[in-house]
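This report refers to the structure that appears directly beneath it.
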Amino acid sequence: MKVLEAKFVKDFCKMCDDGYSMGWHERNGGNLSYRIKHEEAESIKDDLNGFGDWKPIGTTVPNLAGECFLVTGSGKYFANIKADPESNIGIISVDDKGENYKVLWGLKNNARPTSELPTHLMNHEVKKQSTDGKYRVIYHAHPVNLIALTFVLPLDDKTFTRELWETMTECPVIFPSGVGVVPWMVPGGRDIALATVEKMKEYDVAVWAHHGLFASGEDFDLTFGLMHTVEKASEVLVKILSMTDRRRQTITSDDFRNLAKDFNITIPEKFLK
Ligand code: 13P
Ligand code: ZN
608 MKVLEAKFVK
618 DFCKMCDDGY
628 SMGWHERNGG
638 NLSYRIKHEE
648 AESIKDDLNG
658 FGDWKPIGTT
668 VPNLAGECFL
678 VTGSGKYFAN
688 IKADPESNIG
698 IISVDDKGEN
708 YKVLWGLKNN
718 ARPTSELPTH
728 LMNHEVKKQS
738 TDGKYRVIYH
748 AHPVNLIALT
758 FVLPLDDKTF
768 TRELWETMTE
778 CPVIFPSGVG
788 VVPWMVPGGR
798 DIALATVEKM
808 KEYDVAVWAH
818 HGLFASGEDF
828 DLTFGLMHTV
838 EKASEVLVKI
848 LSMTDRRRQT
858 ITSDDFRNLA
868 KDFNITIPEK
878 FLK
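Right under this line is the structure:
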């Protein structure tokens with residue numbers, strides 16, 4: 608099968624387009640990666656080219672040795688992916704030490720994978736281990752309301768989690784483990800990747816202060832839905848904070864405890880104090 612006929616490639620392109628339609632991807636903002644299933648890689652193997660050079664990932668991901676990923680390109684616009692996938696996204700494989708990658712398809716004219724490849728791959732590594740291989744998607748976007756909140760809320764996990772949970776009843780059901788916050792750091796390297804991975808060990812969502820959000824999930828729908836929910840909750844909170852600094856009522860710690868019981872979810876007590 609041709610790469611462009613594969614369902615996971617079509618779904619990947621649709622997610623990029625949906626994110627662009629939401630306004631989360633100005634210019635080349637944001638990036639997406641998908642850990643390809645063995646049978647999916649098999650189904651397109653005749654359309655892959657294994658002759659490229661190995662290039663350093665910029666970090667080491669030994670538990671991803673031999674894995675293939677579909678990734679967005681660095682400097683590429685989400686707006687253009689649907690019309691020209693081969694120039695804007697690509698399939699890469701990781702070598703047997705987890706130190707280098709090579710391009711097997713796409714990223715035409717010497718384009719490179721996203722500059723956030725270290726963060727994507729280190730997050731994949733952590734999630735692959737902690738979910739028994741279930742999580743396959745890592746998504747980074749620049750949603751406006753979430754970014755705005757990073758200028759007014761204290762940059763700690765508890766405040767962000769609790770404030771976002773209180774905006775909409777479904778929030779603790781959709782991200783029960785909470786939200787991690789990474790302070791402002793230079794993007795695109797190993798240091799910010801290491802800080803993000805520390806958060807991703809505990810959460811599915813990591814805020815990058817004054818920059819954007821990373822979300823992780825099992826598939827495209829769940830990961831996009833998670834990004835969407837966090838951003839919608841952020842929008843509600845921005846509206847509340849724009850109206851008043853005094854809320855008359857909110858969802859209480861006991862409300863969250865009751866919700867957790869009925870929805871059969873576990874939410875950490877540290878966020879309910
Ligand atoms: P890339 O174009 O390299 O993916 O970078 C976009 C971005 O959002 C960096 O954080
Ligand atoms: Zn970014």
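In terms of our numbering, the sequence shown opens at residue 608 and continues consecutively.
All C-beta atoms in this analysis are idealised placements derived from N, C-alpha and C, irrespective of residue type, glycine included.
Please read these numbers as outputs of a predicted model, since none were measured by experiment.
Taking the Cβ of residue 679 as the reference point, at least one heavy atom of the ligand 13P falls within a distance shorter than 8 Å. The beta-carbon separation of residue 708 and residue 699, rounded to 4 Å, stays under the 8 Å limit for a contact.
Between residue 793 and residue 851, the alpha-carbon positions lie close to 34 Å from each other.
Close CB contacts of residue 879 within its chain, under the 8 Å cut and outside five residues either way in sequence, are with 860, 863 and 864 (chain order).
Take residue 703, set aside five residues on each side of it, and the residues of its chain with a beta-carbon closer than 7 Å to its own are 672 and 673, in chain order.
Less than 9 Å separates the beta-carbon of residue 701 from that of residue 728. Ranked by how close their Cα comes to the Cα of residue 677, the residues 693, 662 and 834 have 693 in first place.
For residue 806, same chain residues with a beta-carbon under 7 Å away, outside a window of 5 residues either side, are 787, 789 and 813 in chain order. Cβ neighbours of residue 874 within its own chain (closer than 7 Å, five residues either side excluded): 779, 783, 863 and 867. In this structure, DSSP gives residue 734 a helical state, which the three-state scheme calls helix.
Under DSSP, residue 824 shares a beta bridge with 744. Taking non-hydrogen atoms of the ligand ZN into account, the C-beta of residue 794 is found less than 8 Å away from one of them. Set against 8 Å, the gap from the CB of residue 638 to the closest heavy atom of the ligand ZN is smaller. Per DSSP, reduced to three states, the secondary structure at residue 837 is helical.
Runs of the beta strand (DSSP E) lying entirely within the stretch 675-703, each at least 3 residues long, are 675-679 and 696-701 in chain order.
For the ligand 13P, no non-hydrogen atom lies closer than 8 Å to the CB of residue 838. At the C-beta level, residue 638 and residue 737 stay beyond 9 Å of one another. With a threshold of 8 Å, the Cβ atom of residue 722 counts as near the ligand 13P, since some heavy atom of the ligand is closer than that. For residue 662, the secondary structure class from DSSP, reduced to helix, strand or coil, is strand.
According to the DSSP assignment, residue 642 belongs to the beta strand (DSSP E) that extends over 638-642. Proximity to residue 825 across 624, 665, 640 and 620 peaks at 640, based on C-alpha coordinates. When distances are taken from the beta-carbon of residue 747 to the heavy atoms of the ligand 13P, the shortest one is below 8 Å. Of the candidates 857, 819 and 717, 717 places its Cα closest to the Cα of residue 660.
Residue 801 and residue 837 have their alpha carbons spaced roughly 22 Å apart. Under the DSSP assignment, residue 877 falls outside any alpha helix (DSSP H); it carries neither an H nor an E label. In this structure, the CA atom of residue 774 is about 14 Å from the CA atom of residue 760.
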